[in-house]
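> Input: one structure, supplied below.
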Amino acid sequence: MAESQTILVNCITLHHHYRGTLSTNGTRLSDMLSDARSDFIVLRDVQITAAGHNAPSLECSQLTLQKDRILIAMPQGQNDRPATQRLDKFQKKDHHGVVVVLPGHILSGVIQLPKASVSWSGLRESGTVQRYFGLTDVTVHNAVFRLTPQTCPLAIIQRDAVEAVELTSAPLRETPPVEALVT
49 MAESQTILVN
59 CITLHHHYRG
69 TLSTNGTRLS
79 DMLSDARSDF
89 IVLRDVQITA
99 AGHNAPSLEC
109 SQLTLQKDRI
119 LIAMPQGQND
129 RPATQRLDKF
139 QKKDHHGVVV
149 VLPGHILSGV
159 IQLPKASVSW
169 SGLRESGTVQ
179 RYFGLTDVTV
189 HNAVFRLTPQ
199 TCPLAIIQRD
209 AVEAVELTSA
219 PLRETPPVEA
229 LVT
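Below, the structure written as structure tokens:
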């Protein structure tokens, strides 16, 4: 049985920002968003603001948000299982600097790709294509309203919303598979 866990999450859509708590039941946020068995997530204690405006926010005790509208989701705090519990732990990965362009936003950060990948399409080489993928050490720039950039340790991005991607030509560093299994 999955453990019960509630995280604070910021979800950015084209027109609004939603900040609230989400029950993950021990599942990673990227896996929840990519799960095709559900089209919605339920946020509690939600604050809604219009994107790029200093207008007052609206507060709701509970809100159902359509996952396909989420461009960026940023968990606040720990939302990832340790590397030893992940299915992709056996694959070597390189860390690449990346710039991702979304409607109204430009993100810069680090992406992990399978070893020797030359483009972000390398994410597809390892099997099923996820609807969302993660970046670490992220800076989010609002491309429309020129707001102060926001930084976060992890951002989950909707793949279908990506307009353009630029990767560094050489990996920044390599993540080896779990060392206990390499012997």
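Our numbering applies: residue 49 is where the sequence shown begins, and numbers increase by one.
We treat Cβ as the ideally placed atom computed from N, Cα and C, and that holds for glycine.
#1: Given a threshold of 16 other Cβ atoms within 10 Å of its Cβ, counted over all protein chains shown, does Gly74 qualify as buried or as exposed?
#2: In the DSSP assignment, the alpha helix (DSSP H) including Leu77 goes from what residue to what residue?
#3: For Leu155 versus Ile204, is the C-beta distance shorter than 8 Å?
#4: Would you check if the distance between the CB atom of Val94 and the CB atom of Gly68 is smaller than 8 Å?
#5: Determine whether the beta carbon atoms of Val146 and Leu183 lie at a separation below 8 Å.
#6: Just curious, the beta strand (DSSP E) that His115 is in, first and last residue?
#7: Enumerate in chain order the residues of its own chain whose CB-to-CB distance from Asp87 is below 8 Å, with the five nearest sequence positions on each side excluded.
If we stick to the structure as given:
#1: Position 26 of the sequence shown, counted from the start, is the residue given in the question as residue 74. Exposed: under 16 other Cβ atoms inside 10 Å.
#2: Position 29 of the sequence shown holds residue 77. Run containing Leu77: Leu77 to Ser82, per the alpha helix (DSSP H) assignment.
#3: Within the sequence shown, numbered from 1, the residue matching residue 155 stands at position 107. Within the sequence shown, numbered from 1, the residue matching residue 204 stands at position 156. Cβ distance not < 8 Å, so Leu155 and Ile204 don't count as in contact.
#4: Counted from its first residue, the sequence shown places residue 94 at position 46. Counted from its first residue, the sequence shown places residue 68 at position 20. Going by C-beta atoms, Val94 is nearer than 8 Å to Gly68.
#5: As a position in the sequence shown, residue 146 is number 98, starting the count at 1. As a position in the sequence shown, residue 183 is number 135, starting the count at 1. It is a contact, given that the beta carbons lie within the stated cut-off.
#6: Here the question's residue 115 lines up with position 67 in the sequence shown. Reading off the sequence, residue 115 comes out as Lys, not His. That residue, Lys115, is in no beta strand (DSSP E); it is neither H nor E in DSSP.
#7: Position 39 of the sequence shown holds residue 87. Within the same chain, Gln114, Lys115 and Asp116 come within 8 Å of Asp87 by CB-CB distance, once the 5 residues on both sides are set aside.
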